[in-house]
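Going down the list, the sequences are from chains A and B.
Mapping the first sequence onto this note's numbering, position 219 (from 1) lands on 242, and the numbers just tick up by one.
Mapping the second sequence onto this note's numbering, position 140 (from 1) lands on 155, and the numbers just tick up by one.
Please read the structure below before turning to the comments.
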Amino acid sequence: MQFAVVGLSHRTAPIEVRERFAFAAGEMADALAQVLGSKGVAEAALISTCNRTEFYLHLSDPEAAIPDVIQTLADQASDLPKPADRYIYIKHGEETVEHLYRVTSGLDSMVLGEAQIQGQVRDAYETARSLTGQRQAVRAVFNRLFQSALSVGGRVRSETRLAEGAASIPTAAVELSRKIFGSLRGRRGMVLGAGDMGQLTLQCLVDEGVSSAIVTSRSFARAQRVAEEYGGSSIAFSDLWEHLPDTDILVTSTAAPHAMITVEKFRERMPKKLKSPLFIIDIAIPRDVEPEIGELPNVFLYSIDDLQQIVTANFERRRAELPKAEAIISDEVDKFWRWYAGLRAVPFIKRFRQRAENVRQAELERALLQLDHLEEADRQRVERLTRDLLQKMLHQPTARIRAAAEDGREHDILEAAQYLFAMEEDGTGEGEES
Amino acid sequence: MHVIAYAIAAILYLAASARFAMRFAKARPGATALVAIIIFVGLVSHIAGVGLYWAEYGEPPLVGLGPSLTSLALLIALALAGLGLFSSARAVGLLLAPVAAVLVLIAIAVGIEPAGSELAFRGRWLVLHISLSFLGYAGWVVAAAASLMYLLQFRQLKHKQLGAIFEFFPPLDTLDKLSEWALIAGFSALTLGISVGWAWTIRFEGGFRWSDPKVMWGVLAWFALLLALWARFGGRRTTRQAALWNVAGFAVVSLAYLVAKMLISETQFFL
Chain A
24 MQFAVVGLSH
34 RTAPIEVRER
44 FAFAAGEMAD
54 ALAQVLGSKG
64 VAEAALISTC
74 NRTEFYLHLS
84 DPEAAIPDVI
94 QTLADQASDL
104 PKPADRYIYI
114 KHGEETVEHL
124 YRVTSGLDSM
134 VLGEAQIQGQ
144 VRDAYETARS
154 LTGQRQAVRA
164 VFNRLFQSAL
174 SVGGRVRSET
184 RLAEGAASIP
194 TAAVELSRKI
204 FGSLRGRRGM
214 VLGAGDMGQL
224 TLQCLVDEGV
234 SSAIVTSRSF
244 ARAQRVAEEY
254 GGSSIAFSDL
264 WEHLPDTDIL
274 VTSTAAPHAM
284 ITVEKFRERM
294 PKKLKSPLFI
304 IDIAIPRDVE
314 PEIGELPNVF
324 LYSIDDLQQI
334 VTANFERRRA
344 ELPKAEAIIS
354 DEVDKFWRWY
364 AGLRAVPFIK
374 RFRQRAENVR
384 QAELERALLQ
394 LDHLEEADRQ
404 RVERLTRDLL
414 QKMLHQPTAR
424 IRAAAEDGRE
434 HDILEAAQYL
444 FAMEEDGTGE
454 GEES
Chain B
16 MHVIAYAIAA
26 ILYLAASARF
36 AMRFAKARPG
46 ATALVAIIIF
56 VGLVSHIAGV
66 GLYWAEYGEP
76 PLVGLGPSLT
86 SLALLIALAL
96 AGLGLFSSAR
106 AVGLLLAPVA
116 AVLVLIAIAV
126 GIEPAGSELA
136 FRGRWLVLHI
146 SLSFLGYAGW
156 VVAAAASLMY
166 LLQFRQLKHK
176 QLGAIFEFFP
186 PLDTLDKLSE
196 WALIAGFSAL
206 TLGISVGWAW
216 TIRFEGGFRW
226 SDPKVMWGVL
236 AWFALLLALW
246 ARFGGRRTTR
256 QAALWNVAGF
266 AVVSLAYLVA
276 KMLISETQFF
286 L
């Protein structure tokens, strides 16, 4: 049996290619069923996000299965101008486990350490688990693999600072807002201009629970459209100064060639002393807000450069955590691999225990024939005695054979055990028990 | 025996302070379960100290510098433990934990035993007066700590210096609200404390002893608290100015205490 991952990600394919390979939530079960129908696929799971589409596979016949999986991917993106395999990578064995752990921990994400992927891996695992019967996609090995991957993701995030600090301009804006206002629930936000970055920031603020999100733009129709999209309200650009005194967070992102909010106008239209803070996030280039406004009492003004500095600093800090995260992953891959290697001893252990059980039953039957004067309760006691005795006798050899397999010494140990217990002639061992 | 319990409490508060400082140095926000446990055990030891003192002297540790400081420290430690329940405000422990530790250590240094000169005042009214007054001061210590952190965090955010203070200190709004509630609670308790003291002196001594330094200092503290509240609720001051007034008032009153303590001869009782 072998592990493999077949897929593509932001590292190998641009967005316009990735989106063609992506499977919608409703398509994933069918895609998995198709892959499971391929020869040599024992278990499978599919992770499909905007940054990656990957099939994780547990294979009995890799050579037969992998071309079929590649074909499934190619069929999904059949209208590609270039061959699909140009973007596809394949990893085998231990590399597959390591890759999944890295993905779940956010080490392979476009934004290093981002947390969303953990939920996406959990969803992929749940989808695969939901397939049952003939199309069962997850059995013992993938159960263990995905559960351990989710646990590794949790460990990396709790034991390192990889997920700390904002990693994009909008999240940096939200992080700063939280440092000023605590919870953003009930706060009043306003977005001036409706550029892409402004909309993203608005989305983040709405997600944080701002009570009112006002959108204003030189084009009222555009302001209305954006406000509708994000559940806010729109006002005419000329009404900006009427609403600004009641605003806690102002995001500006117009394409105006000059500052829209000048010190002069601000002093004229705003209260002399703002009792509570006003946080202005100016992400327009050129700037919409004159920098001198940031010097006024209770006004916090951050430009796109300020936010970018925060993002860069956070990114550097996240990068500095990489060695710690890598060490955790390496440790966990080792643990999983030991567990998986231990499985190699399972068929022998099963045969070994079954043979001992057969001997026990035969000897018990013979003994009980000679002890037919015993009461039923005593017969049960004798039966229990033999069973407990056998369990105790077999416990250590079983544990040690499994440990030897986990350490990669199963070949020598199994050979010795087969010789000692005269099990060489068993073949697969299944015959003797049946 | 009570001194040992107090000493253990002081050591644990110091350990909590060190833990807060370590997390601050690493710019890791909040506090951990370990700090909460340390503070809780410290509190248990502190309360045991109070119990032992009471058993030994037949009165709560309220009279005399050493006993007073331990009681004030206990109230601050209780506030510290209470803040531990609110994750966003835990970091205020960076200032409160060392204050509690230092107060207990000073108390141990000057001796934790009742001051003989105040024996005549003992009784239920005095206990109420002192307890309420200490509650007022403890509230003010919390408010001043929150205000000081507010000013530092404000400065960091204004000047875009997003270092350890930015990471570790609570949000401005949290600090502002904490300061506001602590001020209100502190002022209410101190007002009641002073009123009870006033009523007592009128009833038993025929009038308020305005010339008594500790009465003067208590009234000064009350006025400073009133000013801090006025800066917050009256007038048109910003939250930052309200914090500034609070910290300045606290500093002036603390300084006045130290000066009075140095100037007033040891024969005259002053807190």
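We put the CB at the ideal spot given by N, CA and C, even for glycine.
As the structure is a prediction and not an experimental result, all values here were calculated from the model.
Top-ranked residue by Cα proximity to residue 374(A), from 118(A), 75(A), 417(A) and 40(A)
For the purposes of this step, residue 374(A) is identified with residue 351 of the first sequence, where counting begins at 1. It is 417(A).
So does the stretch 184-192 of chain B actually touch the stretch 197-217 of chain A, counting three or more Cβ pairs closer than 8 Å?
yes
Are residue 88(B) and residue 57(B) touching if we call contact CB-CB under 7 Å?
Position 73 of the second sequence, counting from 1, holds the residue named residue 88(B). Position 42 of the second sequence, counting from 1, holds the residue named residue 57(B). Going by C-beta atoms, residue 88(B) is not nearer than 7 Å to residue 57(B).
So which of 331(A), 354(A) and 192(A) has the shortest CA-CA distance to residue 125(A)?
Here residue 125(A) refers to the residue found at position 102 of the first sequence. Of 331(A), 354(A) and 192(A), the residue nearest in Cα terms is 354(A).
Closer than 7 Å to chain A by CB, residue 186(B)
On the second sequence, position 171 is the one that residue 186(B) refers to. Yes, residue 186(B) counts as interfacial toward chain A.
For residue 207(B) and residue 19(B), I'd like the C-alpha separation in whole angstroms.
In the second sequence, the residue the question calls residue 207(B) occupies position 192. In the second sequence, the residue the question calls residue 19(B) occupies position 4. Cα-Cα distance, rounded: 33 Å.
Check for me: the beta strand (DSSP E) holding residue 76(A) runs from which residue to which?
Position 53 of the first sequence, counted from the start, is the residue given in the question as residue 76(A). Here the beta strand (DSSP E) through residue 76(A) covers 75-82.
In terms of DSSP beta bridges, what is residue 25(A) paired with?
Locating residue 25(A) in the first sequence gives position 2, counting from the first residue. Residue 25(A) pairs with 82(A).
Is residue 193(A) close to chain B? Criterion is C-beta to C-beta, closer than 7 Å.
The residue labelled residue 193(A) in the question sits at position 170 within the first sequence. Output row for residue 193(A): interface = no.
Please return the same chain residues whose Cβ sits closer than 8 Å to the Cβ of residue 148(B), not counting the five positions on each side in sequence.
Reading the second sequence from its first residue, position 133 is the one you call residue 148(B). Excluding positions up to five away in sequence, the list reads 204, 205, 208, 209, 212 and 233.
Residue 167(A) - containing alpha helix (DSSP H), residue span:
Taking the first residue of the first sequence as position 1, residue 167(A) is located at position 144. Element bounds for residue 167(A): 163-182.
For residue 115(A), the residue or residues it bridges with in DSSP:
Counted from its first residue, the first sequence places residue 115(A) at position 92. Partner(s): 27(A).
Compare the Cα-Cα distances from residue 135(A) to each of 86(A), 348(A), 271(A) and 332(A) and report the closest residue.
Indexing the first sequence from 1 puts residue 135(A) at position 112. Per the Cα distances, 348(A).
Going by the CB atoms, is the gap between residue 257(A) and residue 238(A) shorter than 7 Å?
In the first sequence, residue 238(A) corresponds to position 215, counting from 1. In the first sequence, residue 257(A) corresponds to position 234, counting from 1. Yes, these two residues count as a Cβ contact at 7 Å.
Within its chain, find whatever has a CB closer than 6 Å to the CB of residue 33(A); leave out the 5 residues flanking it on each side and keep chain order.
The count along the first sequence starts at 1 and reaches residue 33(A) at position 10. The answer, listed in chain order, is 74 and 133.
Can you tell me the Cα-Cα spacing of residue 440(A) and residue 390(A), whole angstroms?
For the purposes of this step, residue 440(A) is taken as the residue at position 417 of the first sequence. For the purposes of this step, residue 390(A) is taken as the residue at position 367 of the first sequence. Going by the C-alpha atoms only, they are around 28 Å apart.
Once DSSP output is grouped into helix, strand and coil, what is the label at residue 32(A)?
For the purposes of this step, residue 32(A) is taken as the residue at position 9 of the first sequence. Looking at residue 32(A) - three-state DSSP - the assignment turns out to be strand.
So with CB distances below 8 Å, who are the chain A contacts of residue 254(B)?
For the purposes of this step, residue 254(B) is taken as the residue at position 239 of the second sequence. Chain A residues near residue 254(B): 298, 299, 300 and 321.
How far does the beta strand (DSSP E) with residue 211(A) in it reach, from first residue to last?
As a first step, residue 211(A) must be located in the first sequence, where it is residue number 188. First-last of the beta strand (DSSP E) with residue 211(A): 211-215.
Counterpart residues of residue 209(B) in DSSP-defined beta bridges:
The residue you call residue 209(B) lines up with position 194 of the second sequence. BP columns for residue 209(B) are empty, so no partner.
Classify residue 163(A): buried if its beta carbon has 16 or more other beta carbons within 10 angstroms, exposed otherwise.
As a working mapping, residue 163(A) is identified with position 140 in the first sequence. Exposed, since its Cβ has fewer than 16 Cβ neighbours within 10 Å.
With a cut-off of 7 Å, does the C-beta of residue 240(B) fall near any C-beta of chain A?
On the second sequence, position 225 is the one that residue 240(B) refers to. Judged by the 7 Å Cβ criterion, residue 240(B) is not in contact with chain A.
Does any residue of chain B bring its CB to less than 7 Å from the CB of residue 177(A)?
Here residue 177(A) is taken as the residue at index 154 of the first sequence, counted from 1. No, residue 177(A) does not count as interfacial toward chain B.
Reduced DSSP secondary structure (H/G/I, E/B, other) of residue 371(A)
Here residue 371(A) refers to the residue found at position 348 of the first sequence. If DSSP states are grouped into helix, strand and coil, residue 371(A) belongs with the helices.
Do you know how far the Cα of residue 167(A) is from the Cα of residue 419(A)?
Locating residue 419(A) in the first sequence gives position 396, where the first residue counts as 1. Locating residue 167(A) in the first sequence gives position 144, where the first residue counts as 1. Going by the C-alpha atoms only, they are around 24 Å apart.
Going along chain B, which residues have a C-beta under 8 Å from residue 203(A)?
Locating residue 203(A) in the first sequence gives position 180, counting from the first residue. The contacting residues are 172, 186, 187 and 188.
In the DSSP assignment, what residue or residues form a beta bridge with residue 238(A)?
One-based indexing of the first sequence puts residue 238(A) at position 215. Answer is 214(A) and 257(A).
In or out: residue 224(A) buried (at least 16 other Cβ within 10 Å) or exposed?
Here the question's residue 224(A) lines up with position 201 in the first sequence. It is buried - the Cβ of residue 224(A) has at least 16 other Cβ atoms within 10 Å.
Rounded to a whole number of angstroms, what is the C-alpha to C-alpha distance between residue 446(A) and residue 152(A)?
To locate residue 446(A), count along the first sequence from 1; it is residue 423. To locate residue 152(A), count along the first sequence from 1; it is residue 129. One C-alpha to the other measures close to 37 Å.
How should residue 82(B) be labelled, buried or exposed, when 16 other C-beta atoms within 10 angstroms of its C-beta is the threshold for buried?
The residue you call residue 82(B) lines up with position 67 of the second sequence. Its Cβ being crowded by 16 or more others within 10 Å, residue 82(B) is buried.
Would you verify that the beta carbon of residue 383(A) is, or is not, closer than 7 Å to some beta carbon of chain B?
For this step, residue 383(A) is matched to residue 360 along the first sequence. Closer than 7 Å: no.
Go ahead and pull the three-state DSSP assignment for residue 274(A).
Start at 1 with the first residue of the first sequence, and residue 274(A) comes out as number 251. In the structure shown, residue 274(A) sits in a strand (DSSP, three-state: E or B).
N-terminal and C-terminal residue of the alpha helix (DSSP H) that residue 56(A) is part of
Working through the first sequence from its first residue, we reach residue 56(A) at position 33. First-last of the alpha helix (DSSP H) with residue 56(A): 48-59.
Mind checking whether residue 427(A) and residue 433(A) have CB atoms under 7 Å apart?
The residue given as residue 427(A) occupies position 404 in the first sequence. The residue given as residue 433(A) occupies position 410 in the first sequence. Taking 7 Å as the Cβ cut-off, residue 427(A) and residue 433(A) qualify as a contacting pair.
Inspect the beta-carbon positions of residue 258(B) and residue 162(B) and report whether they are closer than 7 Å.
As a position in the second sequence, residue 258(B) is number 243, starting the count at 1. As a position in the second sequence, residue 162(B) is number 147, starting the count at 1. Yes, they are a contact pair.
Apply the 10 Å Cβ neighbour rule to residue 34(B) and answer buried if 16 or more other Cβ atoms are within range, or exposed otherwise.
Here residue 34(B) refers to the residue found at position 19 of the second sequence. Burial call: buried.
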